[in-house]
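For reference, the structure is listed below as structure tokens.
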Amino acid sequence: MPPTLPLPPPPQPVERVVVGFSGGLDSTVLLHALKAAGHAVRALHVHHGLHPDAARWEAHCEALCAEWQVPFASVRVQVRRDGGEGPEAAARRARYAAFAEHLGEGEVLALAHHRDDQAETFLLRALRGSGVDGLAAMRPWRPLARGAVWRPLLELSRAELLTYAQAHGLRWIDDPSNADVTLDRNFLRQRVLPLLRERWPQADVPLARAAALAAEAADLLDEEDARALAAVRTADPQALSRDALRRLPAPRRARVLRRWLAALHLPPLPAEGLARIEAELLPARQDAEAAFAWSGAVVRAWRDLLHAEAEHAPLPARWEAPWDGRLPLVLPDGGALTLEGAPALPVPLTARARRGGERIALPGRTHSHALKHVLQSLGVPPWERARLPLLCDGEDRVLAVADLLYAAPFDAWLRDHGARLRWTPP
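Each residue of the sequence shown is one higher than the one before, starting from 1 at the first, in the UniProt record's numbering.
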């Protein structure tokens, strides 16, 4: 009787398992074993378009799923490299984005990574100087989009998968790019691990065990990081107290910063960024505007705050546009102004960028005030002030500053008409 695979149960109940199906040995074994174990499965193939045989591989996967009566879908992606990203990382990012997009409610994505893959990942992370989080390598279960990623083969070797496949007469694709030792993972797989196994035949076992121990340590640290982050947070999720951060030990501070940025869905902070924050942003004067930008994100020091966000350009200094309020006004930075509760403005106005020197006559005040001073008193940071669209009358008097401030006449008109001005930031 052909062997079965000792698959662990998923950590939580799932309605259906979506197998990331490349057609290679590993994912073919996983799909076959999950179906044989009675799981409700469907296959999802990602067509990267990077190899001349990609269409043939897609057809193979579709035909095999038809033979096994497994629902099949294929997604085509474009692999774009960002910054210094290598081809492997770019393809992986595109693949996971496709998986996340096509994972439904109640579904879990099953991937066929095995113990040999885990050993390779551990070595790659170690050679890159990763900390305990990176050395944890691939987790057996982690959240993804509306579901989770499940790796039920992590305790099994590739040799065990090959034995299973041969015993069941399975057919699979051999990707010739796996022999390309110019790629880091392939170099480890083809050159380094075979050499290690000459001395330590089961080298993948302790390496995978080390990854599991690193994962345990990372989880313990993560709990402490969560408490430390809560202690330095402010009412604004995008801002932390610099004074509270300075009281943390430097290693804890680094972990808290990484956790905070991840929660804001910003790119991982490079090592240079941590050094710059420590040397320039944390000790910066209250009136300074120190900043560090990377990969479309920026961290700024201002007053007692450390503020992080996706980087946005200010409104062009000379930008202006007429607006009658009938339709939303799309701003140059991708934001918008919308009038709600009234069909139109009383007269056409001009929306424009700040140029400096503006004044505003606020409700209940007998004199106008410098807009800069009003915004400073409200605690609006300098970089946010540069993004605020102004609404001005025919004599260039400021009637509204985004939806934050209204001049007395415009405020009265909005109240009388039950209307509201809404600014949608970029």
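Yeah, the Cβ is synthetic: ideal placement off N, Cα and C, and Gly gets one too.
Backbone CA spacing between residue i and residue j [nearest angstrom]
i	j	result
A231	E309	20 Å
A97	D204	29 Å
D184	E88	9 Å
A419	R146	37 Å
A33	F72	16 Å
A386	A353	8 Å
L257	E278	11 Å
A408	L391	13 Å
R326	D236	33 Å
E198	L154	22 Å
W423	L362	19 Å
R355	L306	26 Å
A54	L103	22 Å
L421	F410	10 Å
P201	S74	38 Å
L31	Q12	19 Å
R276	L269	11 Å
G364	A215	59 Å
L127	A217	19 Å
V380	R233	18 Å
Minimum C-alpha distance to residue i - residue among the options
i	options	result
R209	S177, R387, R139, P251	R139
A244	P270, D304, D287, W260	D304
A105	D117, L281, V18	In the sequence as presented, Ala is not what sits at residue 105; that position holds Glu. Cα-wise, what sits closest to E105 is V18.
L264	G296, R276, V330	G296
G24	P52, L349, C61, A37	C61
A94	A179, W294, V46	V46
W383	W413, A412, A290	A290
G357	V347, R365, K372	K372
R76	L44, G86, W68, A63	L44
Y164	D396, A344, R197, L7	L7
L240	N186, W260, A351	W260
A119	A63, N186, P409, A54	N186
W68	A36, G86, I173	A36
C65	L213, H417, S22, S130	S22
H39	A59, R16, E58	R16
I173	A412, G364, A63, A342	A63
D116	V347, A313, L193, A218	L193
G129	E340, E216, G86, A271	A271
G341	F99, V380, W413, A284	W413
D416	D393, A313, P346, Q376	P346
G131	L213, A313, R233	L213
Q238	F99, A262, D175	A262
Residues near residue i in its chain [Cβ-Cβ closer than 7 Å; skip 5 each side]
i	result
R255	L221, D225
P332	L315, P316, W319
A167	P2, P3
P10	V108, W150
S177	H51
E311	A293, G296, A297, V298
R242	L282, A301, D304, L305, L306
A313	D333
Supposed contact pair residue j and residue i - C-beta distance, whole angstroms, cut 8 Å
i	j	result
L188	L123	6 Å
residue 449	L109	Given a span of 1 to 426 for the chain in the structure shown, any question on residue 449 remains unanswerable.
R158	H114	6 Å
residue 430	L144	Past the boundaries of the shown model lies residue 430; the chain is included only from 1 to 426, so the question cannot be answered.
A301	A288	6 Å
A228	R252	6 Å
V299	L281	6 Å
L329	L337	4 Å
A91	A211	Rounded, the Cβ-Cβ distance is 22 Å, inconsistent with contact.
L404	L388	7 Å
L111	G49	No, L111 and G49 are not in contact; Cβ-Cβ is about 21 Å, not under 8 Å.
R125	G134	4 Å
V41	V79	So it is not a contact: roughly 27 Å between Cβ atoms.
G335	P426	4 Å
L156	L5	7 Å
A321	A351	5 Å
Exposed unless 16 or more other CB atoms sit within 10 angstroms - verdict on residue i
i	result
T121	buried
V149	buried
E101	exposed
Q286	exposed
E395	exposed
W323	buried
E58	buried
Near the ligand ZN: residue i beta-carbon under 7 Å from a heavy atom
i	result
A217	Among the components modelled here there is no ligand, and therefore nothing to report on the ligand ZN.
Close beta carbons around residue i, own chain, < 6 Å, minus the five adjacent residues each side
i	result
A179	none
V14	V108
P152	L7, P8
L274	A254
Beta-carbon contacts of residue i that lie in its chain and below 8 Å, excluding the five residues immediately before and after
i	result
R191	V181
I360	S368, H369, L371, V374, V398, V401, L405, A407
L207	Q118, A119, F122, L123
A344	D324, G325, R326
Within-8 Å CB hit, residue i to chain B
i	result
A244	The structure shown contains no chain B; it holds only a single protein chain.
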